[in-house]
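Asks: In this note's numbering, the protein residues as written are 182 to 394.
Where is the CB? At the ideal position from N, CA and C, for every residue including glycine.
1. Taking the C-alpha atoms as reference points, what is the distance between residue 358 and residue 374?
2. Where do the N-terminal and C-terminal ends of the beta strand (DSSP E) with residue 364 fall, by residue?
3. Taking a contact to mean a Cβ-Cβ separation below 8 Å, would you say residue 228 touches residue 274 in this structure?
4. If we call anything under 8 Å between Cβ atoms a contact, is residue 366 one with residue 343?
5. Which whole-angstrom value is the C-beta distance of residue 368 and residue 382, which I expect to be below 8 Å?
6. What's the gap between the Cα of residue 297 and the Cα of residue 304?
7. For residue 187, which option in 340, 279 and 299 has the closest C-alpha, if you only look at C-alpha atoms?
8. Since I believe residue 335 is in contact with residue 323 (beta carbons under 8 Å), could you give me their beta-carbon distance rounded to a whole number of angstroms?
9. Work out the CA separation of residue 330 and residue 347 for me, nearest whole Å.
10. Among 231, 256 and 200, which one has its Cα closest to the Cα of residue 244?
11. Distance check for residue 192 and residue 337, CA to CA, integer angstroms please.
12. Just grab the DSSP bridge partners of residue 311 for me.
13. Helix, strand or coil, according to DSSP, for residue 199 in the structure here?
14. In terms of residue numbering, what span does the beta strand (DSSP E) encompassing residue 270 cover?
15. For my contact list, residue 207 and residue 253 are in at a C-beta cut-off of 8 Å; report their separation, rounded to the angstrom.
16. Do residue 328 and residue 377 come within 8 Å of each other at the CB atom, strictly closer than that value?
17. Quick one: Cα of residue 182 to Cα of residue 189, how far?
18. Starting from residue 276, trace the beta strand (DSSP E) in both directions and tell me its first and last residue.
19. Just grab the DSSP bridge partners of residue 226 for me.
20. Express the C-alpha separation of residue 299 and residue 379 in angstroms, rounding to a whole number.
21. Using only alpha-carbon positions, find the residue among 325, 341 and 345 that is nearest to residue 263.
22. So, at 7 Å on beta carbons, what are the nonlocal neighbours of residue 265 in its own chain, with the 5 sequence-adjacent residues on each side left out?
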């Protein structure tokens, strides 16, 4: 099973954490901790429960758990103060707070996939709604002050993609033009979210007919 969150995929079969084609290295215990938190989302798991699940029948110091959380945050780019993925519950434990897409929904993605590029990051999009903004649950999370919490959305459906502004303060542009309603995206389009520039990619399927205007 492959579990997607943000721009990451946790592959339980191959035991890999992926960002696009890049594997992000996690220690075995950190991988298990991330898996436990995702599979039990959005329930908060106590430190005692996590320690029992990770080190059954073995005494370990409680300090080992925060060390694993810190490892996950460093690898994924998460922030303890403004968490995208793991929320700390003081004096209790941790909870996974991002939206997760499983195999069933990933199977509905376009055959060659669709994604946006931002400052060298490749952020994959899934079939259906993909929110762009500063909220931790956003599919395309942009931590910039010119970006609204729910700034815009890209909808992937039937091999097509549309972009719509969600009433953002600083606006959304496609191909240099500010948009008001939903507009269709094509491979290579430049999208400006506030001051942030994204490049949209949805390569044509082999054998598909492309109309040149």
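Replies: Well, looking at it:
1. Counting from one through the chain shown, the residue named residue 358 turns up at place 177. Counting from one through the chain shown, the residue named residue 374 turns up at place 193. In a straight line, the C-alpha of residue 358 is about 12 Å away from that of residue 374.
2. The residue labelled residue 364 in the question sits at position 183 within the chain shown. Annotation for residue 364: the continuous beta strand (DSSP E) segment containing it runs 364-366.
3. Walking along the chain shown from the start, residue 228 turns up at place 47. Walking along the chain shown from the start, residue 274 turns up at place 93. For residue 228 and residue 274, yes; Cβs fall inside 8 Å.
4. The sequence position of residue 366 within the chain shown is 185, counting from 1. The sequence position of residue 343 within the chain shown is 162, counting from 1. Cβ distance < 8 Å, so residue 366 and residue 343 count as in contact.
5. Taking the first residue of the chain shown as 1, we reach residue 368 at position 187. Taking the first residue of the chain shown as 1, we reach residue 382 at position 201. In this structure residue 368 is in contact with residue 382, their Cβ atoms being roughly 6 Å apart against a cut-off of 8 Å.
6. Residue 297 sits at position 116 when you count from the first residue of the chain shown. Residue 304 sits at position 123 when you count from the first residue of the chain shown. Looking at the backbone, the Cα of residue 297 and that of residue 304 are separated by about 5 Å.
7. Taking the chain shown and counting its residues from 1, the one referred to as residue 187 is at position 6. Ranking the options by Cα distance to residue 187, first place goes to 279.
8. Counting from 1 along the chain shown, the entry for residue 323 is found at position 142. Counting from 1 along the chain shown, the entry for residue 335 is found at position 154. By a beta-carbon distance limit of 8 Å, residue 323 does not contact residue 335. Their separation comes to about 13 Å.
9. Residue numbering aside, residue 347 sits at position 166 when the chain shown is read from its first letter. Residue numbering aside, residue 330 sits at position 149 when the chain shown is read from its first letter. Straight-line measurement puts the Cα of residue 330 at about 10 Å from the Cα of residue 347.
10. Stepping through the chain shown from its first residue, residue 244 is reached at position 63. Ranking the options by Cα distance to residue 244, first place goes to 231.
11. Counting from 1 along the chain shown, the entry for residue 337 is found at position 156. Counting from 1 along the chain shown, the entry for residue 192 is found at position 11. Distance between the alpha carbons of residue 337 and residue 192 is about 23 Å.
12. Within the chain shown, the letter at position 130 stands for residue 311. Residue 311 pairs with 335.
13. The residue you call residue 199 lines up with position 18 of the chain shown. Three-state DSSP puts residue 199 in a strand.
14. For the purposes of this step, residue 270 is identified with residue 89 of the chain shown, where counting begins at 1. Under the DSSP assignment, residue 270 falls in the beta strand (DSSP E) whose first and last residues are 267-270.
15. As a first step, residue 207 must be located in the chain shown, where it is residue number 26. As a first step, residue 253 must be located in the chain shown, where it is residue number 72. With 8 Å as the limit, residue 207 and residue 253 qualify as a contact, their Cβ atoms being about 7 Å apart.
16. Counting from one through the chain shown, the residue named residue 377 turns up at place 196. Counting from one through the chain shown, the residue named residue 328 turns up at place 147. Against a cut-off of 8 Å, the Cβ pair of residue 328 and residue 377 comes out as a contact.
17. Reading the chain shown from its first residue, position 1 is the one you call residue 182. Reading the chain shown from its first residue, position 8 is the one you call residue 189. Cα-Cα distance, rounded: 14 Å.
18. The residue you call residue 276 lines up with position 95 of the chain shown. For residue 276, the enclosing beta strand (DSSP E) has its first and last residue at 274-277.
19. Taking the first residue of the chain shown as position 1, residue 226 is located at position 45. Looking at the DSSP assignment, residue 226 forms a beta bridge with 275.
20. Mapped onto the chain shown, residue 379 falls at position 198. Mapped onto the chain shown, residue 299 falls at position 118. About 5 Å.
21. Here residue 263 corresponds to residue number 82 of the chain shown, with the count starting at 1. The alpha carbon of residue 263 has as its nearest neighbour, out of 325, 341 and 345, the alpha carbon of 325.
22. For the purposes of this step, residue 265 is taken as residue 84 along the chain shown, with counting starting at 1. Hits under 7 Å: 187, 259, 279, 317 and 322.
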